[in-house]
Amino acid sequence: MSHARQGRWAAPGRVNLIGEHLDYNGGSVLPIAIDRRTVVTASVRADSVVTVASESFGEPTRFDVATEPGDVSGWAGYVAGVLWALRSDGQDVPGLDLAVMSDLPIGAGLSSSHALECAVAVAVRDLASLDVDEIGLALAARRAENDYVGVPTGIMDQLASLCGVAGHALLIDTAALTVRPVPAEWTADGLTLLVIDTGAQHAHAEGGYGERRRQCAAAAAALGVSALADAAVGDPDTLDDATLRRRARHVVTETVRVEQAVAALAGRDWPRFGALLSQSHASLRDDFEVSCAELDVAVDAAIGAGAFGARMTGGGFGGSAIALVESALTESVADACRVAFAEQGFGPPSVFPVEPSDGAGRVA
Ligand code: GLA
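With this note's numbering applied, the sequence shown has no gaps in its numbers, which climb one by one up to 375 at the end.
Next up, the structure:
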């Protein structure tokens, strides 16, 4: 088989620095692609069959490329969904043999499923010479997730995985669908960004996410704005419903924090940037109510051990927290998290550094 008909593609996971639960509210978010990724080895077949194998994700699967929602479930549904979305865009997608590997922890809130979608998307784009840019691929991956897999997520994770730039955070305007890389220079200033994977994944995560989306839509309708991130800071106070008031307050205050965080990042003002991370966590915990005991313990332990700031990252209800720490404090912050988890009777967290990395592309 010729080189052009086979190869290997990789797509990174992400952590969101700040701007949580804003991507389906028309707000701006500030994720990084991380140095952990999903790798897909792909080759074009002569027929219309797709085979998918993976040691890390689950059982191997085989289906026809003309797949429809409902045909393929489980982890391979993310793969089938991307092929379905590209085909429904009118793209000519061939049969494929796919082998998937990943050093991204699965279910840790670091977007392993989006990395899988994006690795497959760039592989198909290159193998079939599709005329589609990163934004188009991200939209196809979101449709795969929303309409094939049936999970109502936004566009942040796919754009982070596809558009990542080493050494930069990505300021994503989710209304305009624009991505602006912002230098993220904490490493040069002697700092480390730690991920604290709590190991927790609460059963209500999916239902809670969908409920938050509906509440945000209801709050936007009550305020007469088409997207909740467009509401003014004082607007939520005018809402009668106390729950909607809290949800909306998170969205409008988080929107302001993203702007402030971009300025702090650009100015390398780490105490300020860290404080904004911690404020974001408090808002997600108290107003948006998507944190959980494990995330709160991780954040408090990291801050108690000297982190500039810490917060849950991603959808919440489990998954991972991030902490910005002086590199010299990395081990003591990790220890503080482990001790605090043991004291609470939680299983040990996994703590590791991440770096802003390049987005999805061909690696061999
Ligand atoms: C999950 C979703 C994203 C985003 C975040 C919350 O990661 O996949 O689209 O909504 O939650 O910010």
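Quick reminder that beta carbons are idealized off the backbone N, C-alpha and C, glycines included.
- Ordered by chain, the residues meeting the criterion of a beta-carbon within less than 5 Å of a non-hydrogen atom of the ligand GLA are Glu-31, His-32, Asp-34, Thr-164, Gly-165, Met-167, Asp-168, Gly-325 and Gly-326.
- Assignment of Leu-335 by DSSP, reduced to helix, strand and coil, places it in the strand class.
- The three-state secondary structure of Arg-279, taken from DSSP, is coil.
- Apart from the 5 residues on each side of it in sequence, Glu-79 sits with its Cβ closer than 8 Å to the Cβ of Trp-95 in its chain, given in chain order.
- Contact between Leu-173 and Val-26 fails: their C-beta atoms lie close to 16 Å from each other, not under 8 Å.
- Cβ-Cβ separation between Ala-53 and Leu-205: approximately 33 Å, too far for a contact (criterion under 8 Å).
- Contact check for Gly-30 against Val-176 fails: the beta carbons are separated by 9 Å or more.
- Listed in chain order, the non-local C-beta contacts of Pro-71 below 6 Å within the same chain comprise Ala-64, local neighbours out to five positions each way being set aside.
- Judged by DSSP secondary structure, Val-308 falls outside any beta strand (DSSP E) and instead within the alpha helix (DSSP H) spanning 304–315.
- Taking C-beta atoms as the reference points, Pro-42 and Ala-171 count as a pair closer than 9 Å.
- Across the structure, Thr-249 and Gly-235 are spaced so that their CA atoms are roughly 12 Å apart.
- Nearest Cα to Asp-208 within the set Gly-221, Gly-161 and Ala-119: Ala-119.
- Residue burial is scored here from C-beta neighbours: Arg-48 has at least 16 other C-beta atoms within 10 angstroms and is therefore classed as buried.
- Comparing C-alpha distances from Thr-198 to each of Arg-279, Pro-247, Gln-226 and Ala-259 shows the shortest one belongs to Arg-279.
- Linking Pro-194 to Tyr-89 through their CA atoms gives a straight-line distance of about 31 Å.
- In the structure shown, Gly-221 falls within a helical segment according to DSSP collapsed to helix, strand and coil.
- As a beta-bridge residue in DSSP terms, Asp-75 pairs with Val-60.
- Per DSSP, His-213 lies in no alpha helix (DSSP H) and is assigned neither H nor E.
- Taking a C-beta distance under 9 Å as the contact criterion, Ala-309 and Ala-334 qualify as a contact pair.
- Distance from Ala-21 to Ala-130 at the Cβ level is roughly 6 Å; contact confirmed, criterion being Cβ atoms closer than 8 Å.
- Secondary structure at Thr-52: strand, using DSSP grouped into helix, strand and coil.
- Contact annotation: Gly-221 and Pro-282 have beta-carbon atoms that are not nearer than 9 Å.
- About 13 Å separates the beta carbons of Trp-86 and Phe-74, which is beyond the 8 Å limit, so they are not a contact pair.
- Per DSSP, Val-350 has no beta bridge partner at all.
- Counting along the chain, the unbroken beta strand (DSSP E) around Ser-113 starts and ends at 107–113.
- Per DSSP, Asp-144 lies in no beta strand (DSSP E) segment and is marked neither H nor E.
- Considering only Asp-137, Val-111, Arg-136 and Ser-140, the residue with the shortest C-alpha distance to Ala-126 is Val-111.
- Phe-284 sits in a helix when the DSSP states are folded into three classes.
- The residue among Phe-319, Gly-320, Gly-317 and Thr-324 with its C-alpha nearest the C-alpha of Leu-306 is Thr-324.
- By the CB criterion at 9 Å, Ala-139 and Gln-169 fall outside the cutoff.
- Taken atom to atom, the span from the alpha-carbon of Ala-371 to that of Asp-251 is near 45 Å.
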